[in-house]
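Participant:
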Ligand code: NCD
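In my numbering, the protein residues as written are 983 to 1314.
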């Protein structure tokens, strides 16, 4: 993998499973007393975030640090973007400092793809507009896999589908792993066409509630909604929110997922968010291990003009990153 822009870049089911297995060994690393390996020593990872983020940015930065990479953080509010610098000039400025990977979040779909044309660094999409969020889908599959066999699991993805890059990436991810996915929400929050999407659709949460194994809730993306998609948040909650009374009607072993940030009291009731059936905190914990796997994998790829096998330089012993990778036990 040269870049990770979309779930499609992971190489289908086999590639996804390989990445999830790699994340498993990094999860073991994160549980050590010293949760760090020297795998990416000397590499520089930049996070370039043009949109707000709490967990995704911190998760990538923690992942890079646990792999011993140097990290640089770029946040729009304190940068020269405020003085009118373009995305191209910003990328070229960062590139000139010598970097290996750019983790990018942008409100424009396709921005990470565009950046690949401007830099020799590997690019990881941390969410672009309504398009994709592949590491979120990976960490969700990873979390689900810890509890269930994904093949044949019935998953309802509920809420603001049309504005959600998480929905788009997760439909691809869950379908690739053999889950049975139903999208649930008001017609105004569904994409105009679902042609080619491997999903069922329902506009009635109560109808699907008793049949699913996993309820995956999405935030109403107020910042992307023009207006009039539903009468009010209160009405949304009444029809599509996972309220306490709906939660009481779920099958006994149902699990609830949410990518965060949650709007408690809107798409998810306070008590449900904190209940034992909620995997939200595990999703965040697993995010670090999954992003360690992605950064490790992507930075092993030979860059243009390099020898390409990751072998030590002639004339001097250099650690092979492979040998510094995750190990099940012991400390590095
Ligand atoms: C999501 C995002 O930004 O796409 N959050 C996240 O990355 N954990 C979902 C959202 O903002 O609702």
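Heads up, the beta-carbon is just placed ideally off N, CA and C, and yes, glycines get one too.
1) Return the Cβ separation of residue 1169 and residue 1222 in integer angstroms, given the expectation that the two are a contact with Cβ distance under 8 Å.
2) With a Cβ-Cβ cutoff of 8 Å, do residue 1193 and residue 1136 count as a contact?
3) Touch check for the region 1031 to 1049 and the region 985 to 998: three-plus C-beta pairs under 8 Å?
4) Tell me the start and end of each unbroken alpha helix (DSSP H) in the region 1033 to 1100 that is at least 4 residues and wholly inside, in chain order.
5) Shortest alpha-carbon distance to residue 1201 belongs to which of 1177, 1246 and 1109?
6) Kindly indicate the opening and closing residues of the beta strand (DSSP E) around residue 1164.
7) Just the Cα atoms here: how many angstroms apart are residue 1070 and residue 1179?
8) Residue 1031 bridges to which residues according to DSSP?
9) My guess is that residue 1271 and residue 1046 are in contact by the Cβ rule of under 8 Å, so how many angstroms apart are they, rounded?
10) Suppose you measure from the CA of residue 1310 to the CA of residue 1048; what does that come to, to the nearest Å?
11) Could you pull the start and end residues of the beta strand (DSSP E) that residue 1109 belongs to?
12) Please list, in chain order, all residues of the same chain as residue 1101 whose beta carbon is under 6 Å from its beta carbon, the five residues on each side excluded.
13) According to the Cβ coordinates, are residue 1265 and residue 1120 closer than 8 Å?
14) How far does the beta strand (DSSP E) with residue 1184 in it extend, from its first residue to its last?
15) Going by C-alpha distance, which of 1171, 1118, 1161 and 1140 is nearest residue 1151?
16) Given residue 1228, which residues of its chain have a CB within under 8 Å of its CB, disregarding the five upstream and five downstream residues?
17) For residue 1125, count the other beta carbons within 10 Å of its own beta carbon; 16 or more makes it buried, fewer makes it exposed. Which is it?
18) Taking Cβ positions, are residue 985 and residue 1105 nearer each other than 8 Å?
19) To which residues does DSSP link residue 1199 through a beta bridge?
20) Just checking, does the region 1017 to 1030 make contact with the region 1077 to 1087 on the three C-beta pairs under 8 Å criterion?
21) On a Cα-Cα basis, can you pick out the residue from 1211, 1231 and 1198 that is closest to residue 1241?
22) For residue 1129, collect the residues of the same chain with a Cβ closer than 7 Å to its Cβ; drop the 5 residues on either side in sequence, then sort them by chain order.
23) Measuring CB to CB, does residue 1050 end up less than 8 Å from residue 1019?
24) Could you give the distance in angstroms between the alpha-carbon of residue 1259 and the alpha-carbon of residue 1023?
Facilitator: Here's the rundown:
1) Contact between residue 1169 and residue 1222 is ruled out by a C-beta separation of about 12 Å, above the 8 Å threshold.
2) Their beta carbons are under 8 Å apart, which means residue 1193 touches residue 1136 by this criterion.
3) No, because fewer than three Cβ pairs between the region 1031 to 1049 and the region 985 to 998 fall closer than 8 Å, the two stretches do not touch.
4) If we require 4 residues or more, the alpha helix (DSSP H) runs fully inside the region 1033 to 1100 come out as 1037 to 1048, 1069 to 1078 and 1093 to 1098.
5) Of the candidates 1177, 1246 and 1109, the one whose C-alpha sits nearest the C-alpha of residue 1201 is 1246.
6) From DSSP, the beta strand (DSSP E) with residue 1164 extends over 1162 to 1166.
7) Straight-line spacing of the CA atoms in residue 1070 and residue 1179 works out to 33 Å.
8) Bridge partners of residue 1031: 1057 and 1087.
9) Residue 1271 to residue 1046, Cβ: 13 Å. No contact.
10) Its pLDDT being 45, under 50, residue 1310 is placed unreliably in this model, and the coordinates cannot settle the point.
11) Annotation: the continuous beta strand (DSSP E) that includes residue 1109 extends over 1104 to 1110.
12) Excluding sequence neighbours, residue 1101 sits near 1073 and 1077.
13) No.
14) Counting along the chain, residue 1184 sits inside the beta strand (DSSP E) bounded by residues 1181 to 1184.
15) The shortest Cα separation from residue 1151 among 1171, 1118, 1161 and 1140 belongs to 1118.
16) These residues qualify, in order along the chain: 1187, 1188 and 1191.
17) Answer is buried; the Cβ neighbour count reaches 16.
18) Yes.
19) According to DSSP, residue 1199 shares a beta bridge with 1140.
20) Yes: the two stretches touch, three or more of their Cβ pairs being nearer than 8 Å.
21) Checking every option, the nearest Cα to that of residue 1241 belongs to 1198.
22) Within the same chain, residue 1129 has close Cβ partners 1237.
23) Yes. Within cutoff.
24) Using only the alpha carbons, I get a separation of about 39 Å.
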